[in-house]
Structure formats: structure tokens, C-alpha cells
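Using our numbering, the first residue of the sequence shown is number 1, and each one after it goes up by one. Using N, Cα and C, we set each Cβ at its ideal position, and we do this for glycine too.
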Amino acid sequence: MAGEEERKFNGFSLKTLKFLRGLKANNSKKWFDAHRKEYEEHVLGPMRDLVTDCGDFMLDIDPRFEITPAMNKTISRIYRDTRFSRDKSPFRSIVWFTFKNRSKDWTTLVCVYFFELSVNAYRYGMGFYNAAPAIMKRFREMIDENPQAFQKAISFFSKQKIFVLEGETYKRIIDKDKPEDIQNWYQRKNMYLVCNRKIDDILYSSKLVDDLEYGFNLITPLYRYFQKIKLED
């Protein structure tokens with residue numbers, strides 16, 4: 001964890017959001033090329049600094065994390081892949097970073113920490129991008145096999161007011177005998193813990209690093225529980 005005097009990240013700025021709003025309203029290569037310098041200075045630059053300042057702290061959580069502050073490593077690409085999408089707009093007006101294990105299958109098999117910034121809000125947390133059904137099946141089996149271990153992993157959840165549990169759920173009750181506090185987890189097709197925030201002063205200051213590190217550390221017991229989910233080869 002870097003001391004405040006050593007930090008590179010000093011906050012995003014009004015110019016960051018101005019660029020994202022402009023890109024959302026003028027999603028074209030011509031507009032982006034004309035404003036590329038603003039993107040690099042006010043979006044990509046501070047995002048790199050934020051990843052850099054959090055990097056060593058995240059390695060304490062998991063030494064296998066990729067922490068390189070670069071696109072296609074931790075930081076999202078601004079260009080969209082439109083090959084299989086009806087939406088042919090070439091650029092994203094939402095930017096994010098992830099801390100994850102190096103894996104080709106991270107979108108379905110790997111639990112990640114994330115931070116995401118959009119025009120009107122930002123959020124951060126931990127979970128699965130789009131968990132494979134086999135992952136969630138094994139998750140439920142682990143709860144069945146050792147409910148005490150799962151209760152220990154989520155013991156922090158009811159004591160905090162930062163994160164909420166989100167993700168799609170099954171309509172059909174899988175196991176009616178599960179207590180209510182477990183059902184909220186057990187019924188998930190997908191899941192992630194997230195702190196949702198409207199744009200505030202913290203986004204514009206180095207305090208964002210403190211908030212991310214505090215929050216990411218708080219939910220580490222659940223991250224380590226997820227790391228125990230192993231699929232048979």
C-alpha cells in the first residue's frame with residue numbers, strides 16, 4: 001500500500017466525465033481521433049495511476065493477480081468488438097479495470113475484483129463476470145458439503161453497508177430447506193458484490209484508493225472461498 005505522498009493517483013476530473021459524455025454522444029472514429037489526447041490524459045492516465053497505486057495491495061490478497069496498468073492486462077479497451085453485436089458503435093463510454101488471475105477463461109471461470117466508471121456513476125466490487133453454470137453448481141455443492149465454512153466466509157456481509165449482492169437468480173427454488181440468509185446466495189445464476197455510487201467528491205481525490213483498498217480487503221474472505229471452487233478436469 002503506497003503512502004499518500006508516494007501515490008500517483010490524484011483523482012479523476014471533470015474533464016474525465018466530459019470526455020465520456022462526449023464520446024457517448026458522438027460515438028465515431030472521427031470524434032475519438034479528434035479527442036484522443038483528452039482520452040489519454042484524463043481517462044487512461046488516471047486509470048493507470050489508480051491501478052498502479054492499488055497493485056501491490058492486491059498482490060497481498062492474491063500474488064497471482066495481474067497488476068500491469070495497461071489495456072488488455074487490467075484496463076478495459078476503449079474499442080468495442082462489434083463483430084457479433086447488433087450495436088455497431090465503435091467505442092465504449094464506460095471504462096473499468098479488473099484484478100484477476102491470468103486466464104483465458106476469466107469471463108466464465110475466474111472471480112475478479114473490479115472498478116468501473118460511467119458518465120453518471122461508478123462502482124467497484126468482486127465476483128464473476130458471467131459465471132459458468134458448472135462453477136455455480138460446484139458453489140452450491142460446497143455450501144451443501146460444509147455450510148459452516150460458507151457462513152464463515154460471508155460473516156462480514158451482514159455487518160457492513162458498503163456492498164450489496166447482485167446477479168441473476170433462478171425463479172424456481174432449488175432447495176426450500178435452506179435458511180433465508182443462504183437462499184440469497186444459493187439461488188444465484190451469477191453473483192458479485194458491488195458498491196454502487198453516484199459521482200461524488202471521492203472520485204476526484206486520492207481517497208478513492210483508500211476506499212477501494214478497504215472495500216477489497218473487506219470482501220477477501222469470500223474471494224478466497226470462491227478460489228476453492230475447483231472443477232474436475
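The three-state secondary structure of residue 186, taken from DSSP, is helix.
With respect to the C-alpha of residue 39, the residue from 99, 94 and 120 having the closest C-alpha is 94. Contact check between the region 184-196 and the region 14-30: fewer than three CB pairs, one atom from each, fall below 8 Å, which does not count as touching.
In the displayed model, residue 16 falls within a helix according to three-state DSSP. Of the other Cβ atoms in all chains shown, fewer than 16 fall within 10 Å of the Cβ of residue 84; this residue is therefore exposed. Using a Cβ distance threshold of 7 Å, residue 162 and residue 215 count as a contacting pair.
The three-state reading of DSSP puts residue 27 in coil, since its state is none of H, G, I, E or B. Inter-residue distance for residue 56 and residue 131 is about 27 Å (C-alpha atoms, whole angstroms). If you look at residue 38, you'll find it in the alpha helix (DSSP H) that goes 36-39. In this structure residue 231 touches residue 138 by the C-beta definition: roughly 6 Å separates them, less than 8 Å. Just so you know, the alpha carbons of residue 91 and residue 114 end up roughly 20 Å apart. Three or more Cβ pairs closer than 8 Å define a contact, and the region 10-17 meets that threshold against the region 37-51. Residue 202 sits away from residue 193, with the two beta carbons spaced by 7 Å or more. If you draw a straight line from the Cα of residue 70 to the Cα of residue 173, it comes to about 42 Å. Scanning 101, 35 and 206 for the CA closest to the CA of residue 58 turns up 101. Out of 107, 99 and 119, the CA that lies nearest to the CA of residue 25 is found in 119. Between the C-alpha atoms of residue 171 and residue 223 there is a straight-line separation of about 26 Å.
Contact between residue 206 and residue 9 holds: CB atoms are separated by about 6 Å, below the 8 Å threshold.
In this structure, 116 is the residue among 111, 61, 116 and 88 with its C-alpha nearest to the C-alpha of residue 75. Secondary structure at residue 231: coil, using DSSP grouped into helix, strand and coil. Residue 79 holds the alpha-carbon nearest to the alpha-carbon of residue 36 among 112, 145 and 79. Burial check for residue 164: the Cβ neighbour count within 10 Å stays below 16, so the residue is exposed. Per DSSP, the beta-bridge partners of residue 113 are 99 and 126. Going by C-alpha positions, residue 188 is about 12 Å away from residue 127.
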